[in-house]
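These protein sequence lines are chains A, B, C and D, in that order. If you're matching positions, the first sequence starts at 1 in my numbering and goes up one per residue. If you're matching positions, the second sequence starts at 1001 in my numbering and goes up one per residue. If you're matching positions, the third sequence starts at 2001 in my numbering and goes up one per residue. If you're matching positions, the fourth sequence starts at 3001 in my numbering and goes up one per residue.
There are 4 protein chains.
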Amino acid sequence: MKPYRLAARDGKDTIIEIVGNDGSCLIGEGYCTIIAGPCAVESEDSILTAARLVKELGAHILRGGAFKPRTSPYSFPGLGVHGLELLALARKETGLPIVTEVLDVRDIDRVLEVADIVQVGSRNMHNYPLLRELSRCKIPVLLKRGYAATVEEWLLAAEYLMAGGNEQVILCERGIRTFENMTRNTVDIGVVPLLKELSHLPVIVDPSHATGKWQMVRPVAKAAIAAGADGLMIEVHPHPETALSDGEQSLNGGNFSRLMDEIRALARLEGKKM
Amino acid sequence: MKPYRLAARDGKDTIIEIVGNDGSCLIGEGYCTIIAGPCAVESEDSILTAARLVKELGAHILRGGAFKPRTSPYSFPGLGVHGLELLALARKETGLPIVTEVLDVRDIDRVLEVADIVQVGSRNMHNYPLLRELSRCKIPVLLKRGYAATVEEWLLAAEYLMAGGNEQVILCERGIRTFENMTRNTVDIGVVPLLKELSHLPVIVDPSHATGKWQMVRPVAKAAIAAGADGLMIEVHPHPETALSDGEQSLNGGNFSRLMDEIRALARLEGKKM
Amino acid sequence: MKPYRLAARDGKDTIIEIVGNDGSCLIGEGYCTIIAGPCAVESEDSILTAARLVKELGAHILRGGAFKPRTSPYSFPGLGVHGLELLALARKETGLPIVTEVLDVRDIDRVLEVADIVQVGSRNMHNYPLLRELSRCKIPVLLKRGYAATVEEWLLAAEYLMAGGNEQVILCERGIRTFENMTRNTVDIGVVPLLKELSHLPVIVDPSHATGKWQMVRPVAKAAIAAGADGLMIEVHPHPETALSDGEQSLNGGNFSRLMDEIRALARLEGKKM
Amino acid sequence: MKPYRLAARDGKDTIIEIVGNDGSCLIGEGYCTIIAGPCAVESEDSILTAARLVKELGAHILRGGAFKPRTSPYSFPGLGVHGLELLALARKETGLPIVTEVLDVRDIDRVLEVADIVQVGSRNMHNYPLLRELSRCKIPVLLKRGYAATVEEWLLAAEYLMAGGNEQVILCERGIRTFENMTRNTVDIGVVPLLKELSHLPVIVDPSHATGKWQMVRPVAKAAIAAGADGLMIEVHPHPETALSDGEQSLNGGNFSRLMDEIRALARLEGKKM
């Protein structure tokens, strides 16, 4: 018997509505939903420029980190509450729904004031107190796979969210840790069809963290959609060379535009609405 | 400085012509070449049926193992020389070029009498005497990635082949070993764009060994082509449920037909000849 | 330059005093300190029996989980606050100092009332809010290695603790996740000398979680001390066959007694006080 | 049912006698047998110096590579047949039995003229034609674990050797490939007790390849013996700084002497003859 119950496939696919400032979008089987934006919110000017850019190029949802989990205590940890305020501004200005990460149970309320989707990052997939709190919230949760989590552990983390009553869970593959170190992580493309078989939850892929190199983002993004993913999470920065974090894996406007064109053609071929 | 030289990208892409009994095909950038057939040659009837099936459905090259590397000394090791004879028959009957594996330096001459491409399997990627012998042959070599080999080690294995004068090397990703065990291996889709950047050699993907589950073969095959692969190697068996090896990951005719239709549409979108 | 500073070796070794209800012990270079007890606190009777048993056999510190991180939301999560009360009782009764895990920043104060060492478990090594809070506490922290964390990431997690002013950090290797699945984890014995070279912090090993099999605990425990570890963390349960969690990797009294005898002889040979 | 039969434990332990030019030694349960010498045979002077050094310091068997598997076709491949002649000289001069690697089935006869133990290296553990040929020889085989082989695959490789009639198989753990890259490999110390439970074959450990750093060789060697290993394989070079390969992981005379002293004390404690 499978150790997860609520996350297990039972016939129907879960499709989640994400409501922004003006309008909404859907994530799930049959759709191709694009989340884009910078790794971190860096300043008012930079997040507004990025938000307008990705909106104009067709992204459905804006990403941006206010609270950043950083391996070193000396790295830029994000703007925190001020970052949330800037995201609220970008939300109002562009109408795009917002996804942003929460690290600390004590920040949940503040994040919920701004976010339309709350992200649980790879390093918090096993943070059970955080999952339990979010299971009591009425907000979609984007649950990234732990960087060395098995598919079963990942689905059990989703189960934590669902067991408390929150059924709006989006699974996001972001690459796993292997012996190969020419890329930042190894994107496990096979989990896309595997999760579609095991679960009814939407599955998206983040090719930016998965590869760590902007040159690889476009081909891996296309692979994800061809494999059946319901969407993508892409790091886009107006000027990647000046980004405070993850510049190497961020697309600039031109590259994101090209990616969107190719993804649109692919989505059409696959019969996915975008 | 890169430790490999001849395998390193230098501007042009290598395109390899494979000549069968009547006609030929190309492998490399701009093409989408399909290799298909059973894991092992099992009998005259079964290999001929499989060969006709994959030819009819549009495969360009027939695969079939006469010498099989098996983890256990008690498993079916392939039909050996008799298997080669049956492959020769299938080659004559269908006109399809043949790819088959060689395990032992002492078998190279016999394999070369039949094969149009020689396969070096995953477990022999580090078999340097075998690579050195093949580097002196005038035959294309399909070099599978070692199941835990880094990209650099893989390109150095290609370098072994090229250093002796054989420039006809095809790289084949077939999944790597990771902590995840719900799938047989983890297909490293990112190596497709990575190899295209580092090397001029053709890159194909084997989604059958990579996943170990026939249900996952079609989505992962599509992912490979969308990521930029130059072709696929697919296990097809007329009756997978009776296969002596790898039945779980083999497509039957109906599923291979569906895969070919979808790959054709994708190849067209990507501007690849097929 | 190394990305960690405070955790980096600078000549002297850190030796940490652990103060229990009557008396204290030291952890660090030159000592061999044994932490033992059950995976989880299950009942008053069971924790007191276990505490008396490990004390009698020579353990220096009692372990026992009140808050348990569990992969499934349906597994026994520990007794929580009541478990802390039972640990306080065992502390009072036996005089042994207590180490217990904290998962949630909101539980830190309550855990600090009882614990003499706070444990950060493998799944929380990247829980930066938790590390930041503990960095402001005046209590030794036992920092388990993330199950797929590199040595550098682990030392940076220690750096988080130290950067806020808490210098009492004990590193605990508990096995890493690899492709091998005959054991629960793969104990990375090489990190013991590696950490001794890179850092001044005490290093201990948990052979119970690392192997997942009680039969392997004794040999791996001895390996750890022979490799230079400053101590061990061992799961001991009066009746492993009835344990609510981790029974398979727990030693009973007889096996723990034998382990202690052999560790004592080894510590003497290595010139370590025990 | 276990997939291996002849390699499976059946009560008694296999103890193998290794016969050199004058005298012999035993490998197996109850003994602590030391194999030492340089990575590669480099010259007459250097191998004789190394052989005398390790003999004087108490090694039982001399190691030295004549045929070297190298990742790059441009690296020093060993002296080949001339290397074998130099090993024969060292064997005659010191009386030490010789272990050396064979890569190519066509070299087996020549290697057998000199070697007292034939080594199958990590990259050839899956080279089934080589294993089958060696299974027909009357010579002990030191079978290194494939760098990413599971314990089951490793025991099945031993089964290949035994299935042909060669029962003199020595298992050698040499580290596995993981995500950690601060060390060359991760030594899987837990396999020592695991193999002792599963199999009757002798188990030794190579801490030199396992760690890749000479500073870590001594502690890991001690860990191996404490965990129950029947011996060690140690790279020793009179002048590691000038070695043509693996200098970084080779001990010089002084360090090897210290290691031998500590191993002797440990073997005495463990009741192993040395």
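Yeah, the Cβ is synthetic: ideal placement off N, Cα and C, and Gly gets one too.
Quick check on the DSSP output: the alpha helix (DSSP H) that includes D:M3274 runs from which residue to which? Looking up residue 3274 of chain D in the fourth sequence gives position 274. No alpha helix (DSSP H) contains D:M3274, which DSSP labels as neither H nor E.
Please classify D:M3162: does DSSP put it in a helix, a strand, or coil? Residue mapping note: residue 3162 of chain D aligns to position 162 of the fourth sequence, counting from 1. D:M3162 falls in the helix class under three-state DSSP.
Starting from D:A3224, follow the alpha helix (DSSP H) in both directions and report where the run begins and ends. Here residue 3224 of chain D corresponds to residue number 224 of the fourth sequence, with the count starting at 1. Residues W3214 to A3226.
Can you pull the DSSP bridge partners for D:D3010? In the fourth sequence, counting from the first residue as 1, residue 3010 of chain D sits at position 10. According to DSSP, D:D3010 bridges with D:K3012.
Under 7 angstroms Cβ-Cβ, which residues of chain D neighbour C:M2216? Against the third sequence, residue 2216 of chain C aligns to sequence position 216. By Cβ distance, chain D contributes G3190, P3193 and L3194.
Check the Cβ of C:R2174 against every Cβ in chain B and list those closer than 8 angstroms, keeping chain order. By one-based count along the third sequence, residue 2174 of chain C stands at place 174. Those do not exist, as C:R2174 stays about 16 angstroms from chain B at its closest Cβ, beyond 8 angstroms.
Rounded to the nearest angstrom, what separates A:P69 and B:L1194 at their Cα positions? In the first sequence, counting from the first residue as 1, residue 69 of chain A sits at position 69. In the second sequence, counting from the first residue as 1, residue 1194 of chain B sits at position 194. Distance between the alpha carbons of A:P69 and B:L1194: 28 angstroms.
Compute the beta-carbon to beta-carbon distance between A:G30 and A:K273, rounded to the nearest angstrom, for a pair I have assumed lies under 8 angstroms. The residue you call residue 30 of chain A lines up with position 30 of the first sequence. The residue you call residue 273 of chain A lines up with position 273 of the first sequence. About 6 angstroms separates the two Cβ atoms, so the contact holds.
Closest by C-alpha distance to A:I139, when choosing among A:F76, A:I170, A:G83 and A:L89: Counting from one through the first sequence, the residue named residue 139 of chain A turns up at place 139. Comparing Cα-Cα distances from A:I139 to each of A:F76, A:I170, A:G83 and A:L89, the minimum goes to A:I170.
Tell me the residue span of the alpha helix (DSSP H) that contains D:E3133. Position 133 of the fourth sequence holds residue 3133 of chain D. Taken as a continuous stretch (DSSP letters only), the alpha helix (DSSP H) holding D:E3133 covers Y3128 to S3135.
Quick check on DSSP: helix, strand or coil for B:K1055? In the second sequence, the residue the question calls residue 1055 of chain B occupies position 55. B:K1055 falls in the helix class under three-state DSSP.
Drop a sphere of 10 angstroms on the beta-carbon of B:R1091, count the other beta-carbons inside from all chains shown, and report buried for 16 or more, exposed for fewer. Residue mapping note: residue 1091 of chain B aligns to position 91 of the second sequence, counting from 1. So B:R1091 counts as buried.
Are any of the Cβ atoms in chain D nearer than 8 angstroms to that of B:E1153? For the purposes of this step, residue 1153 of chain B is taken as residue 153 along the second sequence, with counting starting at 1. Yes, B:E1153 lies at the interface with chain D (some Cβ there is under 8 angstroms from its Cβ).
Can the beta-carbon of D:D3116 be found closer than 8 angstroms to that of D:G3028? For the purposes of this step, residue 3116 of chain D is identified with residue 116 of the fourth sequence, where counting begins at 1. For the purposes of this step, residue 3028 of chain D is identified with residue 28 of the fourth sequence, where counting begins at 1. In this structure, D:G3028 does not lie closer than 8 angstroms to D:D3116 by Cβ.
I'd like the ranges of any alpha helix (DSSP H) spanning at least 4 consecutive residues and lying wholly in the stretch 2044-2092 of chain C. 2044-2056
Is the CB of D:G3231 under 8 angstroms away from at least one CB in chain C? Here residue 3231 of chain D refers to the residue found at position 231 when the fourth sequence is read from its first residue. Chain C contact via Cβ: absent.
By Cβ distance, which residues of its chain are closer than 8 angstroms to A:E93, with the 5 residues on each side in sequence left out? By 1-based counting over the first sequence, the position of residue 93 of chain A is 93. If we look at A:E93 and ignore the five residues flanking it on each side, its Cβ neighbours are L48, A51 and R52.
Candidates A:V102, A:M216 and A:G254: closest to A:G64 by CA position: On the first sequence, residue 64 of chain A is found 64 positions in, with the first residue counted as 1. Checking every option, the nearest Cα to that of A:G64 belongs to A:V102.
Using a Cβ cut-off of 7 angstroms, which residues of the stretch 1142-1167 of chain B contact any Cβ in chain D, in chain order? Y1147, A1148, E1153, L1156, E1159, Y1160 and A1163
Return the first residue and the last residue of the beta strand (DSSP E) that B:L1143 is part of. As a first step, residue 1143 of chain B must be located in the second sequence, where it is residue number 143. Looking at the DSSP string, the run of the beta strand (DSSP E) that includes B:L1143 is V1141 to K1144.
Chain-ordered residues of the stretch 126-138 of chain A with a beta carbon less than 7 angstroms from chain C: H126, N127, Y128 and P129
Where do the ends of the alpha helix (DSSP H) carrying C:I2098 lie? Here residue 2098 of chain C is taken as the residue at index 98 of the third sequence, counted from 1. C:I2098 -> not in any alpha helix (DSSP H); beta strand (DSSP E) instead, spanning I2098 to E2101.
For the stretch 3083-3110 of chain D, enumerate the residues whose C-beta is nearer than 9 angstroms to any C-beta of chain B, in chain order. L3103, D3104, V3105, R3106 and D3107
Of all Cβ atoms in chain D, is any one closer than 8 angstroms to the Cβ of A:R177? Position 177 of the first sequence, counted from the start, is the residue given in the question as residue 177 of chain A. Yes, contact with chain D.
Let me know if B:D1261 comes out buried or exposed under the rule of 16 or more other beta-carbons within 10 Å of its beta-carbon. In the second sequence, counting from the first residue as 1, residue 1261 of chain B sits at position 261. Label assigned to B:D1261: exposed.
Cβ neighbour criterion (16 or more within 10 Å) applied to D:F3076: Taking the fourth sequence and counting its residues from 1, one reaches residue 3076 of chain D at position 76. Looking at its Cβ environment, which holds fewer than 16 other Cβ atoms inside 10 Å, D:F3076 is exposed.
How about B:S1257 and B:E1235: do their beta carbons lie closer than 8 angstroms? Along the second sequence, one-based indexing puts residue 1257 of chain B at 257. Along the second sequence, one-based indexing puts residue 1235 of chain B at 235. Contact: no.
Just to confirm before moving on: does the CB-CB distance between C:A2210 and C:R2174 stay below 8 angstroms? As a position in the third sequence, residue 2210 of chain C is number 210, starting the count at 1. As a position in the third sequence, residue 2174 of chain C is number 174, starting the count at 1. For C:A2210 and C:R2174, yes; Cβs fall inside 8 angstroms.
Chain A partners of B:P1219, CB-CB under 7 angstroms? What you label residue 1219 of chain B is simply residue 219 of the second sequence in a count that begins at 1. In chain order: V192, P193, A227 and G228.
Check the Cβ-Cβ distances between A:V187 and every residue of chain B, and say whether any is below 8 angstroms. Within the first sequence, residue 187 of chain A is the residue found at index 187, counting from 1. With 8 angstroms as the cut-off, A:V187 counts as an interface residue toward chain B.
Since D:A3050 meets chain C, which of its residues come closer than 9 angstroms, beta carbon to beta carbon? For the purposes of this step, residue 3050 of chain D is identified with residue 50 of the fourth sequence, where counting begins at 1. Within 9 angstroms Cβ-Cβ: nothing; D:A3050 doesn't reach chain C, min ~25 angstroms.
Is the distance from the Cβ of D:I3263 to the Cβ of D:I3225 below 8 angstroms? Within the fourth sequence, residue 3263 of chain D is the residue found at index 263, counting from 1. Within the fourth sequence, residue 3225 of chain D is the residue found at index 225, counting from 1. Cβ distance < 8 angstroms, so D:I3263 and D:I3225 count as in contact.
Check for me: the beta strand (DSSP E) holding C:L2113 runs from which residue to which? As a position in the third sequence, residue 2113 of chain C is number 113, starting the count at 1. Per the sequence shown, residue 2113 of chain C should be read as Glu rather than Leu. No beta strand (DSSP E) holds C:E2113; the alpha helix (DSSP H) holding it covers I2108 to V2114.
The beta strand (DSSP E) enclosing C:A2036, as first and last residue numbers: If you number the third sequence from 1, residue 2036 of chain C lands on position 36. T2033 to G2037 is the extent of the beta strand (DSSP E) around C:A2036.
On a CA-only basis, which of A:L89, A:A158 and A:P73 is nearest C:R2005? Give me that one, please. Walking along the third sequence from the start, residue 2005 of chain C turns up at place 5. Comparing Cα positions, the closest option is A:P73.
Going by other Cβ atoms of all chains shown within 10 Å of its Cβ, with 16 needed for buried, is A:S122 buried or exposed? Here residue 122 of chain A is taken as the residue at index 122 of the first sequence, counted from 1. It counts as buried.
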